[in-house]
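Here the structure comes first, spelled out in structure tokens, and everything after it is commentary.
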Amino acid sequence: LVLDPLSLPLMSNLADAYSFAGRFEEALAQYDKIIEMDPTFRRGFEGRGIIHLAKGEYEKAVRDLEQYHKLIGNPLKGLSSLGHAYAAAGYTDKAFDCLERLNQRQKAEPATVLHMDYAFLYAGLKDFDQAFYHFNKTYEQRMGIACLGMIFCIRYPMLSELKSDPRFKELTQKMGIDG
């Protein structure tokens, strides 16, 4: 098996690994390389924005996540991270606008499971009751990529404030992973 060292998805996975290990500067450097190689590779902006969120650099997070949302090209997609960043930066009205658009998407795509999106956005708004409600819904439904995404999302450094909530430990125990 030979891996392409210039593969943007592989480079993005490496940046994620750095992030999960708390090696934020290395993760940022990796995302910077990705964006330099291809400024239309939206995952680079999403990942870099999430690192900025974890570091408390909210304006940088907003800027990157707005670019990520723009590159998606759909006004109803890519809103959970952006809404989280808006809330963290104090742009509550914009965060609630993202929530409203997420609600519109749910109505337009009733078969799409958006619980992870809701959980992430509500966590940014500090509405932990709603965040845990949606995390638990994701777990209960065990919907493929959404459930796999939950395993990664609960490891995101910007969600660390949830880890002190007893519901976090309950959830990770149900999942059979160490929170």
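Heads up: the sequence shown begins at 469 in this note's numbering, then just goes up one per residue.
Glycine included, each C-beta is placed from N, C-alpha and C at the ideal position.
Specify the secondary structure class of Leu474 as computed by DSSP and reduced to three states.
Along the sequence shown, read from residue 1 onward, the residue named residue 474 stands at position 6. DSSP places Leu474 in coil when its eight states are reduced to three.
Ala557: first and last residue of the uninterrupted alpha helix (DSSP H) it sits in
As a position in the sequence shown, residue 557 is number 89, starting the count at 1. From DSSP, the alpha helix (DSSP H) with Ala557 extends over 548 to 557.
Using the Cβ count rule (16 or more neighbours within 10 Å means buried), how would you classify Ala579?
For the purposes of this step, residue 579 is identified with residue 111 of the sequence shown, where counting begins at 1. Label assigned to Ala579: exposed.
How many angstroms separate the CA atom of Gly524 from the CA atom of His552?
Taking the first residue of the sequence shown as 1, we reach residue 524 at position 56. Taking the first residue of the sequence shown as 1, we reach residue 552 at position 84. When rounded, the distance between both Cα atoms is 12 Å.
Is the stretch 598 to 608 touching the stretch 564 to 574, taking contact as three or more C-beta pairs under 8 Å?
no
Between the CA atoms of Leu547 and Lys637 - distance to the nearest angstrom
The sequence position of residue 637 within the sequence shown is 169, counting from 1. The sequence position of residue 547 within the sequence shown is 79, counting from 1. For Lys637 and Leu547, the distance between alpha carbons rounds to 27 Å.
Tyr554 versus Lys545: straight-line alpha-carbon distance, rounded
Locating residue 554 in the sequence shown gives position 86, where the first residue counts as 1. Locating residue 545 in the sequence shown gives position 77, where the first residue counts as 1. When rounded, the distance between both Cα atoms is 15 Å.
Report the CB separation of Phe509 from Leu476 in whole angstroms; it is logged as a contact under 8 Å.
As a working note, residue 509 is residue 41 in the sequence shown. As a working note, residue 476 is residue 8 in the sequence shown. Phe509 to Leu476, Cβ: 5 Å. Contact.
Give the DSSP-derived three-state secondary structure of Pro634 in the structure shown.
Reading the sequence shown from its first residue, position 166 is the one you call residue 634. Of the three classes helix, strand and coil, the one that applies to Pro634 here is helix, per DSSP.
Taking 8 Å as the threshold, find out whether the stretch 515 to 523 comes into contact with the stretch 473 to 491 through three or more Cβ pairs.
yes
Between Leu582 and Gln574, which are expected to be in contact by the criterion C-beta below 8 Å, what is the C-beta distance as a whole number of angstroms?
Here residue 582 refers to the residue found at position 114 of the sequence shown. Here residue 574 refers to the residue found at position 106 of the sequence shown. Contact flag correct, Cβ pair sits at about 5 Å.
Where Asp532 falls, given that 16 or more other Cβ within 10 Å makes a residue buried:
Position 64 of the sequence shown, counted from the first residue, corresponds to residue 532. Its Cβ being crowded by 16 or more others within 10 Å, Asp532 is buried.
Beta carbon of Leu550 nearer than 8 Å to that of Ala591
Locating residue 550 in the sequence shown gives position 82, counting from the first residue. Locating residue 591 in the sequence shown gives position 123, counting from the first residue. In this structure, Ala591 does not lie closer than 8 Å to Leu550 by Cβ.
Element boundaries [alpha helix (DSSP H), containing Phe596]
As a first step, residue 596 must be located in the sequence shown, where it is residue number 128. Residues 596 to 609.
According to DSSP, simplified to helix, strand and coil, what is Phe509?
Position 41 of the sequence shown, counted from the first residue, corresponds to residue 509. In this structure, Phe509 counts as coil in the three-state DSSP scheme.
Any heavy atom of the ligand HEM closer than 7 Å to the Cβ of Tyr554?
For the structure depicted, the ligand HEM is absent and the ligand set is empty, with no information on it obtainable.
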